[in-house]
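There are 2 protein chains.
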Amino acid sequence: MTTTLPTVRPPTLRDVAREAGVHPATASRALNPATRSLVNGETVTRVQRVAESLGYRPNPIARSLKTSRSATVGLVIPDLTNPLFPPIVRGIEDVLAPAHYNAWLVNTDNDPDREDSLVDSLRSRQVEGLIVATARLQHPLLDRLLAEGVRMVLINRRTASGSIPSVTADDANGIDTAVAHLARLGHRRIAHLAGPQDTSTGVVRRRAFLQAVRDHGLADEPGLVADCASWTEDEGARALRELLDAGREFTAVVAGNDLLALGCYDVFHERGISCPLDLSVIGFNDMPYLDKLRPPLTSVRVPHYEVGAEAARMLLEGLTDPSRHPRSILLPITLVERASTAAPAAS
Amino acid sequence: MTTTLPTVRPPTLRDVAREAGVHPATASRALNPATRSLVNGETVTRVQRVAESLGYRPNPIARSLKTSRSATVGLVIPDLTNPLFPPIVRGIEDVLAPAHYNAWLVNTDNDPDREDSLVDSLRSRQVEGLIVATARLQHPLLDRLLAEGVRMVLINRRTASGSIPSVTADDANGIDTAVAHLARLGHRRIAHLAGPQDTSTGVVRRRAFLQAVRDHGLADEPGLVADCASWTEDEGARALRELLDAGREFTAVVAGNDLLALGCYDVFHERGISCPLDLSVIGFNDMPYLDKLRPPLTSVRVPHYEVGAEAARMLLEGLTDPSRHPRSILLPITLVERASTAAPAAS
DNA sequence: CCGGGGTCCGCAATCGATTGCGATACCGGC
DNA sequence: GCCGGTATCGCAATCGATTGCGGACCCCGG
Numbered sequence: 001m002t003t004t005l006p007t008v009r010p011p012t013l014r015d016v017a018r019e020a021g022v023h024p025a026t027a028s029r030a031l032n033p034a035t036r037s038l039v040n041g042e043t044v045t046r047v048q049r050v051a052e053s054l055g056y057r058p059n060p061i062a063r064s065l066k067t068s069r070s071a072t073v074g075l076v077i078p079d080l081t082n083p084l085f086p087p088i089v090r091g092i093e094d095v096l097a098p099a100h101y102n103a104w105l106v107n108t109d110n111d112p113d114r115e116d117s118l119v120d121s122l123r124s125r126q127v128e129g130l131i132v133a134t135a136r137l138q139h140p141l142l143d144r145l146l147a148e149g150v151r152m153v154l155i156n157r158r159t160a161s162g163s164i165p166s167v168t169a170d171d172a173n174g175i176d177t178a179v180a181h182l183a184r185l186g187h188r189r190i191a192h193l194a195g196p197q198d199t200s201t202g203v204v205r206r207r208a209f210l211q212a213v214r215d216h217g218l219a220d221e222p223g224l225v226a227d228c229a230s231w232t233e234d235e236g237a238r239a240l241r242e243l244l245d246a247g248r249e250f251t252a253v254v255a256g257n258d259l260l261a262l263g264c265y266d267v268f269h270e271r272g273i274s275c276p277l278d279l280s281v282i283g284f285n286d287m288p289y290l291d292k293l294r295p296p297l298t299s300v301r302v303p304h305y306e307v308g309a310e311a312a313r314m315l316l317e318g319l320t321d322p323s324r325h326p327r328s329i330l331l332p333i334t335l336v337e338r339a340s341t342a343a344p345a346a347s
Numbered sequence: 001m002t003t004t005l006p007t008v009r010p011p012t013l014r015d016v017a018r019e020a021g022v023h024p025a026t027a028s029r030a031l032n033p034a035t036r037s038l039v040n041g042e043t044v045t046r047v048q049r050v051a052e053s054l055g056y057r058p059n060p061i062a063r064s065l066k067t068s069r070s071a072t073v074g075l076v077i078p079d080l081t082n083p084l085f086p087p088i089v090r091g092i093e094d095v096l097a098p099a100h101y102n103a104w105l106v107n108t109d110n111d112p113d114r115e116d117s118l119v120d121s122l123r124s125r126q127v128e129g130l131i132v133a134t135a136r137l138q139h140p141l142l143d144r145l146l147a148e149g150v151r152m153v154l155i156n157r158r159t160a161s162g163s164i165p166s167v168t169a170d171d172a173n174g175i176d177t178a179v180a181h182l183a184r185l186g187h188r189r190i191a192h193l194a195g196p197q198d199t200s201t202g203v204v205r206r207r208a209f210l211q212a213v214r215d216h217g218l219a220d221e222p223g224l225v226a227d228c229a230s231w232t233e234d235e236g237a238r239a240l241r242e243l244l245d246a247g248r249e250f251t252a253v254v255a256g257n258d259l260l261a262l263g264c265y266d267v268f269h270e271r272g273i274s275c276p277l278d279l280s281v282i283g284f285n286d287m288p289y290l291d292k293l294r295p296p297l298t299s300v301r302v303p304h305y306e307v308g309a310e311a312a313r314m315l316l317e318g319l320t321d322p323s324r325h326p327r328s329i330l331l332p333i334t335l336v337e338r339a340s341t342a343a344p345a346a347s
């Protein structure tokens, strides 16, 4: 009977080699599919059998040190609790996993300083690439990283230059679809709650909105657009109140995203506004459980899982084939019609 | 003018040492707060200055290899897209970060095989401990890990033996509070949608429900409890339909969690049931955006962020002080009263 | 002037795996 | 029987940082 030692050190490659009667180098080659052909077939099976019986598991730390590959990518997002991101993260992980890559997640809370130090820590962890969801139009950190040759892919948002590969939804098309839907219902005066104008999503959707109202021959007044300082319910509520208090006339609002739209719901409740009777609302992103809201929120659906998956694929491509030319892709959106939009009340 | 070389190798400790005119060992000690006292003060500042100017960043891989500490813990959850988990993850990360630890996240999708291989991969990544949110009452994998001395903390759910340290909400108290609330409103016949009976949350809440209805002198009939095979909207809807179709009489339902409660909403819509006029509902967890539902869902609030934070703290304690005795803690719950509960209609 | 005790620092081994290079053996061909 | 070639495998360096041990040196008391 073999008694287990008090501290069982996990077996190393040396242990396997010794047990199999070969040099560690040979054991290494036998266990590595890429170099296995350099070793005699019988030796390979012997080593494998020993490795199996000893429960040998290669130490990825040691391997990383030697090969200087960490098999991890950094994932920089503002805040995981924003329901937007979990599906994206899943998409990323589901693509990375088969490639034996892992994602390292950090939350910046939209704080550039925090972002700086977090990216720093990611890099010191030797991540091989970055997937970044916090891009601002002017983003010195990202410029620097690009200059340093750090592999990365932006998601959701882009920088002004557009020189960094990215995966985003077709924002402009989404807004146009939303406006078209409202126009078809009979709305002529539509307001827009624009997101932060230091993000590409904010400005692209804002610009697309202005373009869309012109294209559809609707009321085209600057006063119908209110800017929000952040993508939060509070800001959405504040902006809508601002429009209302300024006496703007409109029968529908296209919110820059779902959270801004949720802020509108608060105002509806607060001021006894009936949605969609008095006011129609459209969100953007189609985050989970929107169908359970009061009323269910019409929204522009963005394929978040695919955004993540596509970004991960693109990053992996860039890592395995550095010559690969960077590109940016737009993913198609769809309008999900629910009960927060209806024909305007006859006035 | 200094021209940058095409490939700039990040500076190593050797580079710093050479530049500062000392041995790498000395540089290492100078840079490490714990051993800094062994080095002359002037030397320390000189090394630090050089390190700073060269932009030296210690290679954590090399360090891990030598110290055999990875500074990472594994986080095993069923599915990140369940809104329950993001706050937990944040809580964990916010505690881990100051300790310079990181979390490695995996989604099991409630698939034991997947879980097996994912835990395997985590262990081969040398995680120092595990935070596990997928515990089932009978859980061979966890038993094995425990026997192997793997440090871990369970969250949300526990195993039957209870011998693994855990952080959970005070489920029993939560259910009792929910039932008490309904009783106070005048409900006498309350149904319960019980979660999967292979999880501690499922059985604890179920048992607590039966106890509570007895304690409050309410209708105590086995027929008023319906089991759900999973914590999903679909199962919640199915279970409620089952109760309805069986002709059970009840004026309120205590759902095992919020998702089951959301399933009830689908049935309300489907069958023209008015909530809370015809039927009151209480959820469990108080996941985000419940206040925006139609009607806003009354729910038992669980401090998810704290669950994560507490679990991370406990795991860190166990890692730094292995002699520390394992314990399990219950976090207090609170009832969040919203509009899905009201007095029963006079019959 | 010698020895004990500190302070400061260098030497070299070590963590575990990978890999370029060289050594050995064996094979077939001439 | 000799030689170029190939198949296998071992040697040793290497990745970058940490750390036990010991050496050099200085100060001071006896």
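Order-wise, the sequence lines are chains W and V.
If you use the numbering used here, the first sequence closes out at 347, no skipped numbers anywhere.
If you use the numbering used here, the second sequence closes out at 347, no skipped numbers anywhere.
We put the CB at the ideal spot given by N, CA and C, even for glycine.
_Using 8 angstroms as the threshold, is the C-beta distance between S299(W) and D286(W) below it?_
Stepping through the first sequence from its first residue, residue 299(W) is reached at position 299. Stepping through the first sequence from its first residue, residue 286(W) is reached at position 286. Yes; because the gap between Cβ atoms is below 8 angstroms, this pair is in contact.
_Listed by chain order, chain V residues near R57(W) by CB distance under 9 angstroms_ = As a first step, residue 57(W) is located in the first sequence; it is residue number 57 there, counting from the start. Residues of chain V passing the Cβ test: D120, R123, S124.
*Under 8 angstroms Cβ to Cβ from Q48(V), same chain only, skipping five residues before and after it: list those, please.*
Counting from 1 along the second sequence, the entry for residue 48(V) is found at position 48. Excluding sequence neighbours, Q48(V) sits near A30, L31.
*Alpha carbon to alpha carbon, how far is L224(V) from E233(V)?*
By 1-based counting over the second sequence, the position of residue 224(V) is 224. By 1-based counting over the second sequence, the position of residue 233(V) is 233. Near 19 angstroms, if we compare the C-alpha coordinates of E233(V) and L224(V).
*Do you know how far the Cα of R207(V) is from the Cα of G195(V)?*
By 1-based counting over the second sequence, the position of residue 195(V) is 195. By 1-based counting over the second sequence, the position of residue 207(V) is 207. So the alpha carbons of these two residues sit roughly 11 angstroms apart.
*Per DSSP, the bridge partner or partners of H192(V)*: The sequence position of residue 192(V) within the second sequence is 192, counting from 1. Looking at the DSSP assignment, H192(V) forms a beta bridge with V225(V), V254(V).
_Spatial neighbours of A169(V) within its chain, please: C-beta separation below 6 angstroms, excluding the five flanking residues on both sides._
Looking up residue 169(V) in the second sequence gives position 169. Around A169(V): V302, L331, I333.
*Does L65(W) come within less than 8 angstroms of chain V when only Cβ atoms are used?*
Within the first sequence, numbered from 1, the residue matching residue 65(W) stands at position 65. L65(W) counts as touching chain V.
*Would you mind giving the Cβ-Cβ distance between L137(W) and L293(V), rounded to the nearest angstrom? I have them listed as a contact below 8 angstroms.*
For the purposes of this step, residue 137(W) is taken as residue 137 along the first sequence, with counting starting at 1. For the purposes of this step, residue 293(V) is taken as residue 293 along the second sequence, with counting starting at 1. The Cβ separation is near 36 angstroms, so there is no contact.
*asked:* Against Y265(V), what residues of chain W qualify as contacts under a CB-to-CB distance less than 7 angstroms, listed in chain order?
replied: In the second sequence, the residue the question calls residue 265(V) occupies position 265. Result: K292.
*Every unbroken alpha helix (DSSP H) inside the region 104 to 139 of chain V [4 residues or more]*: 112 to 124
*For S166(W), name the three-state secondary structure that DSSP assigns.*
Position 166 of the first sequence holds residue 166(W). S166(W): strand per DSSP, three-state reduction.
*Any idea if L260(W) is buried or exposed, counting beta-carbon neighbours within 10 angstroms, 16 or more meaning buried?*
Here the question's residue 260(W) lines up with position 260 in the first sequence. The residue is buried, with at least 16 neighbouring Cβ atoms inside 10 Å.
*Kindly give me the distance between the Cβ atoms of V73(W) and A133(W), rounded to whole angstroms, as I take these residues to be in contact under 8 angstroms.*
Taking the first residue of the first sequence as 1, we reach residue 73(W) at position 73. Taking the first residue of the first sequence as 1, we reach residue 133(W) at position 133. So it is not a contact: roughly 13 angstroms between Cβ atoms.
*Are P276(W) and T341(W) close, meaning C-beta to C-beta below 8 angstroms?*
For the purposes of this step, residue 276(W) is taken as residue 276 along the first sequence, with counting starting at 1. For the purposes of this step, residue 341(W) is taken as residue 341 along the first sequence, with counting starting at 1. Against a cut-off of 8 angstroms, the Cβ pair of T341(W) and P276(W) comes out as a contact.
*Examine chain W for any beta-carbon lying closer than 8 angstroms to the beta-carbon of R90(V), and answer yes or no.*
For this step, residue 90(V) is matched to residue 90 along the second sequence. With 8 angstroms as the cut-off, R90(V) counts as an interface residue toward chain W.
*Smallest Cα separation from P10(V): which of H100(V), L84(V), L54(V), S200(V)?*
In the second sequence, the residue the question calls residue 10(V) occupies position 10. It is L54(V).
*Contact test: A342(V) Cβ vs the ligand FAD heavy atom, cutoff 7 angstroms*: Among the ligands in the structure shown, none appear at all, so the ligand FAD cannot be discussed.
_Where L105(V) meets chain W, residues with beta-carbon distance less than 7 angstroms_ = Here residue 105(V) is taken as the residue at index 105 of the second sequence, counted from 1. Ordered by position in chain W, the residues that pass the 7 angstroms Cβ test against L105(V) are L105.
*For the region 310 to 327 of chain V against the region 301 to 318 of chain W, are there 3 or more C-beta pairs whose distance is under 8 angstroms?*
no
_For T199(V), which residues in the same chain have their Cβ closer than 8 angstroms to its Cβ, ignoring the five residues on either side in sequence?_
Within the second sequence, residue 199(V) is the residue found at index 199, counting from 1. Closer than 8 angstroms at the Cβ level, and outside the excluded window around T199(V), lie A135, R136, L137, R157.
*Just the chain W side, please: which residues come within less than 8 angstroms of Y101(V) by C-beta, in chain order?*
Within the second sequence, the letter at position 101 stands for residue 101(V). Here the premise fails: no neighbours, minimum Cβ distance about 11 angstroms.
*Would DSSP call R301(W) helix, strand or coil?*
Here residue 301(W) is taken as the residue at index 301 of the first sequence, counted from 1. If DSSP states are grouped into helix, strand and coil, R301(W) belongs with the strands.
*By Cβ distance, which residues of its chain are closer than 6 angstroms to L105(V), with the 5 residues on each side in sequence left out?*
Taking the second sequence and counting its residues from 1, the one referred to as residue 105(V) is at position 105. Only L75 meet the Cβ criterion.
*Output the residue ranges of the beta strand (DSSP E) runs that lie fully inside the region 256 to 342 of chain V and measure 3 residues or longer, sorted by chain position.*
280 to 285, 298 to 301, 328 to 331, 334 to 336
*Nearest-angstrom Cα separation, counted from Q197(W) out to F250(W)*: Here residue 250(W) refers to the residue found at position 250 of the first sequence. Here residue 197(W) refers to the residue found at position 197 of the first sequence. One C-alpha to the other measures close to 23 angstroms.
*Please specify which runs of the alpha helix (DSSP H), each continuous and at least 4 residues long, are wholly inside the region 3 to 36 of chain W, giving them in chain order.*
13 to 20, 24 to 31
*In terms of alpha-carbon separation, which member of I92(V), H325(V), R189(V) lies closest to P344(V)?*
Against the second sequence, residue 344(V) aligns to sequence position 344. Of the candidates I92(V), H325(V), R189(V), the one whose C-alpha sits nearest the C-alpha of P344(V) is R189(V).
*Would you list the residues sitting across from N102(W) in a DSSP beta bridge?*
Counting from 1 along the first sequence, the entry for residue 102(W) is found at position 102. For N102(W), which the question treats as bridged, DSSP gives the partners T72(W).
*Residue range of the unbroken alpha helix (DSSP H) whose run includes V44(W)*: Your numbering for residue 44(W) matches position 44 in the first sequence. Its alpha helix (DSSP H) spans residues 41 to 54.
*Does the separation of the CB atoms of R214(V) and D171(V) fall below 8 angstroms?*
In the second sequence, counting from the first residue as 1, residue 214(V) sits at position 214. In the second sequence, counting from the first residue as 1, residue 171(V) sits at position 171. No.
*For V153(V), the residue or residues it bridges with in DSSP*: One-based indexing of the second sequence puts residue 153(V) at position 153. Paired residues: I131(V).
_Buried or exposed, going by whether 16 or more other CB atoms sit within 10 Å of the CB of P86(W)?_
On the first sequence, residue 86(W) is found 86 positions in, with the first residue counted as 1. By the neighbour-count rule (16 or more Cβ atoms within 10 Å), P86(W) is buried.
*Contacting residues, own chain, Cβ-Cβ under 7 angstroms from T3(W) (five flanking each side not counted)*: In the first sequence, residue 3(W) corresponds to position 3, counting from 1. Its pLDDT being 36, under 50, T3(W) is placed unreliably by the model, and nothing is read from it.
_Rounded to whole angstroms, what is the Cα-Cα separation between P78(V) and E42(V)?_
As a position in the second sequence, residue 78(V) is number 78, starting the count at 1. As a position in the second sequence, residue 42(V) is number 42, starting the count at 1. Straight-line Cα distance between these residues: approximately 53 angstroms.
*In this structure, what does DSSP give as the bridge partners for I77(W)?*
The residue given as residue 77(W) occupies position 77 in the first sequence. Beta-bridge pairing links I77(W) to N107(W).
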